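S.K.: As they're listed, the protein sequences go chains A and B.
Its first residue numbered 1, the first sequence is counted upward by one per residue in the working numbering.
Its first residue numbered 1001, the second sequence is counted upward by one per residue in the working numbering.
What follows is a single structure, and I will ask about it in a moment.
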Amino acid sequence: SAVISQKPSRDICQRGTSLTIQCQVDSQVTMMFWYRQQPGQSLTLIATANQGSEATYESGFVIDKFPISRPNLTFSTLTVSNMSPEDSSIYLCSVKITTGVLAKGQYFGPGTRLTVT
Amino acid sequence: EDQVTQSPEALRLQEGESSSLNCSYTVSGLRGLFWYRQDPGKGPEFLFTLYSAGEEKEKERLKATLTKKESFLHITAPKPEDSATYLCAVPQGGGSYIPTFGRGTSLIVHP
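Take a look at the structure:
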C-alpha cells in the first residue's frame, strides 16, 4: 500500500486566481495521477504524471489550465489556473500499484476540496 | 467505448439487512476490477481487486464476486459504519491500466 498526503485539504479561491495542490507519497512510485471529482459525480482522470517526462492529459484537459510538476518519485503538484466557479471540485492525487502485468488497486490521497467564488 | 455502470445509485438499509451492489462493465480483455469505499470528504479507499470470473474476495462484512459481465459487492448484516459510497472501476483497454470509474452506489445503513 501507499500513504498519500495532499495540501491544502481545502481552499476557497476567487475567480481568475490560481491554486497549486501538492501531493506527497511515502514511497517511490513511477506513475501518479490527478483526478477531479465534481459534486455527485464519479472520478474523472485529469492527467498522468510520470517522473522525468511531460504529463499526459486526458481529453478535455490541457496543460495551460492544469500544469503539473513531477520533480521526483514521491512528489507532484497540480495547479488549477485562472479559476472559474466551474472548477469547484475535489481534486485527488493517486498512485498505482502493479504486480507484473496485473493491475492492482490505486491508492488515493484525501483530496483537496476547492471552492471558487 | 468501455463503460462501467453501477446500480442502484442509492441504497438505504436497516442495520443487519443484507444486500448487494452491482457493477456491470463492458471492456475487452478484463485485467482486473476494483472496488473502493469513499467516505464523505475523503479520497476513495481501496477494498478489492478481482481478476477473473468466479473469483471472490472478502473483508469483514463485504464480499466481492466477479462474473464475465458484472461484479457484486455483497454486504452481510451491515452496520451504520458501513455507510459510504462504493465505487467500482475497470482498467481501460488497449494496454492501459488506468481505471474507468462508475458513478458509485451511495449506501446508508440506519441503526
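Note that CB positions come from ideal geometry on N, CA and C, so glycine has one too.
Predicted, not measured: the structure shown is a model, and the values here were computed from it.
Taking C-beta pairs closer than 9 Å, name the residues in chain B that threonine 48 of chain A reaches, listed in chain order.
M.R.: Walking along the first sequence from the start, residue 48 of chain A turns up at place 48. Chain B residues near threonine 48 of chain A: Ile1098.
S.K.: What did DSSP end up calling proline 85 of chain A once you bin it into helix, strand or coil?
M.R.: For this step, residue 85 of chain A is matched to residue 85 along the first sequence. DSSP places proline 85 of chain A in helix when its eight states are reduced to three.
S.K.: Does the count of Cβ pairs from the segment 1003-1018 of chain B and the segment 19-34 of chain A closer than 8 Å reach three?
M.R.: With the cut-off at 8 Å, the segment 1003-1018 of chain B and the segment 19-34 of chain A do not touch.
S.K.: Does any residue of chain B have a CB that is nearer than 8 Å to the CB of lysine 7 of chain A?
M.R.: Residue 7 of chain A sits at position 7 when you count from the first residue of the first sequence. Not one chain B Cβ lies under 8 Å of lysine 7 of chain A.
S.K.: Give a yes or no on whether the C-beta atoms belonging to proline 1099 of chain B and glutamine 106 of chain A are separated by under 8 Å.
M.R.: Taking the first residue of the second sequence as position 1, residue 1099 of chain B is located at position 99. Taking the first residue of the first sequence as position 1, residue 106 of chain A is located at position 106. Yes; because the gap between Cβ atoms is below 8 Å, this pair is in contact.
S.K.: Taking only the alpha-carbon atoms, compute the straight-line gap between leucine 1073 of chain B and lysine 7 of chain A and give it to the nearest angstrom.
M.R.: Position 73 of the second sequence holds residue 1073 of chain B. Position 7 of the first sequence holds residue 7 of chain A. Each residue's alpha carbon lies about 33 Å from the other.
S.K.: Taking 8 Å as the CB-CB cut-off, is phenylalanine 61 of chain A touching chain B?
M.R.: Taking the first sequence and counting its residues from 1, the one referred to as residue 61 of chain A is at position 61. No, no contact with chain B.
S.K.: Entirely within the segment 1076-1110 of chain B and at least 3 residues each: give me those beta strand (DSSP E) ranges in chain order.
M.R.: Complete beta strand (DSSP E) runs here, min 3: 1084-1091, 1099-1101, 1105-1110.
S.K.: Report all residues from its chain with a CB closer than 6 Å to the CB of serine 1106 of chain B; omit the five preceding and five following residues, and keep chain order.
M.R.: For the purposes of this step, residue 1106 of chain B is taken as residue 106 along the second sequence, with counting starting at 1. Hits under 6 Å: Ala1010, Thr1085.
S.K.: Do the segment 84-96 of chain A and the segment 31-48 of chain A touch if we need at least three Cβ pairs shorter than 8 Å?
M.R.: Flag = yes, the segment 84-96 of chain A and the segment 31-48 of chain A touch.
S.K.: Given this structure, state the Cα-to-Cα distance separating glycine 1054 of chain B from proline 71 of chain A, to the nearest angstrom.
M.R.: Taking the first residue of the second sequence as 1, we reach residue 1054 of chain B at position 54. Taking the first residue of the first sequence as 1, we reach residue 71 of chain A at position 71. Cα-Cα distance, rounded: 42 Å.
S.K.: To which residues does DSSP link lysine 1063 of chain B through a beta bridge?
M.R.: Indexing the second sequence from 1 puts residue 1063 of chain B at position 63. Answer is B:Glu1058, B:His1074, bridged to lysine 1063 of chain B.
S.K.: State buried or exposed for glutamine 14 of chain A, treating a residue as buried only when at least 16 other CB atoms are found within 10 Å of its CB.
M.R.: The residue you call residue 14 of chain A lines up with position 14 of the first sequence. Classification of glutamine 14 of chain A: exposed, given that the 10 Å Cβ count is below 16.
S.K.: Using DSSP bridges, identify the partner residues of leucine 19 of chain A.
M.R.: Numbered from its first residue, the first sequence carries residue 19 of chain A at position 19. Paired residue(s): A:Val80.
S.K.: Out of A:Ser76, A:Phe66, A:Thr48, A:Phe75, point me to the one whose CA is closest to asparagine 82 of chain A's CA.
M.R.: One-based indexing of the first sequence puts residue 82 of chain A at position 82. Answer by Cα proximity: A:Phe66.
S.K.: So, using beta-carbon positions, are serine 1024 of chain B and glutamate 1070 of chain B closer together than 8 Å?
M.R.: Locating residue 1024 of chain B in the second sequence gives position 24, where the first residue counts as 1. Locating residue 1070 of chain B in the second sequence gives position 70, where the first residue counts as 1. Yes. Within cutoff.
S.K.: Please name the residue in A:Phe75, A:Val80, A:Ser69, A:Thr74 whose C-alpha comes closest to that of phenylalanine 61 of chain A.
M.R.: Counting from 1 along the first sequence, the entry for residue 61 of chain A is found at position 61. Comparing Cα positions, the closest option is A:Val80.
S.K.: Please compile the residues from chain A whose C-beta is within a distance smaller than 9 Å of the C-beta of phenylalanine 1072 of chain B.
M.R.: For this step, residue 1072 of chain B is matched to residue 72 along the second sequence. Near phenylalanine 1072 of chain B there are no residues of chain A at all, since even the closest Cβ is about 18 Å away, more than 9 Å.
S.K.: Quick one: residues in its chain with C-beta nearer than 8 Å to the C-beta of phenylalanine 75 of chain A, no 5 flanking neighbours on either side, listed in chain order?
M.R.: Translated into positions along the first sequence, residue 75 of chain A becomes position 75. Gln22, Cys23, Gln24, Val25, listed in sequence order.
S.K.: With DSSP collapsed to three states, give me the class of lysine 7 of chain A.
M.R.: Position 7 of the first sequence holds residue 7 of chain A. It is a strand residue.
S.K.: Our contact map puts serine 89 of chain A next to glycine 1102 of chain B with C-beta atoms below 8 Å; I'd like the distance itself, whole angstroms only.
M.R.: Taking the first residue of the first sequence as position 1, residue 89 of chain A is located at position 89. Taking the first residue of the second sequence as position 1, residue 1102 of chain B is located at position 102. The pair is not a contact, with the Cβ atoms about 18 Å apart (cut-off 8 Å).
S.K.: Below 7 Å CB to CB, which residues in the same chain sit around aspartate 1082 of chain B once its five sequence neighbours on both sides are set aside?
M.R.: Working through the second sequence from its first residue, we reach residue 1082 of chain B at position 82. The residues are Arg1061, Ile1075, Leu1107, Val1109.
S.K.: With 16 as the cutoff for other CB atoms within 10 Å, does glycine 111 of chain A come out buried or exposed?
M.R.: The sequence position of residue 111 of chain A within the first sequence is 111, counting from 1. Glycine 111 of chain A is buried by the Cβ-count criterion.
S.K.: Please work out which residues of its chain come closer than 6 Å, Cβ to Cβ, to glutamine 1003 of chain B, disregarding the five sequence neighbours upstream and downstream, and give them in chain order.
M.R.: Taking the second sequence and counting its residues from 1, the one referred to as residue 1003 of chain B is at position 3. So the list reads Thr1026, once near-sequence residues are dropped.
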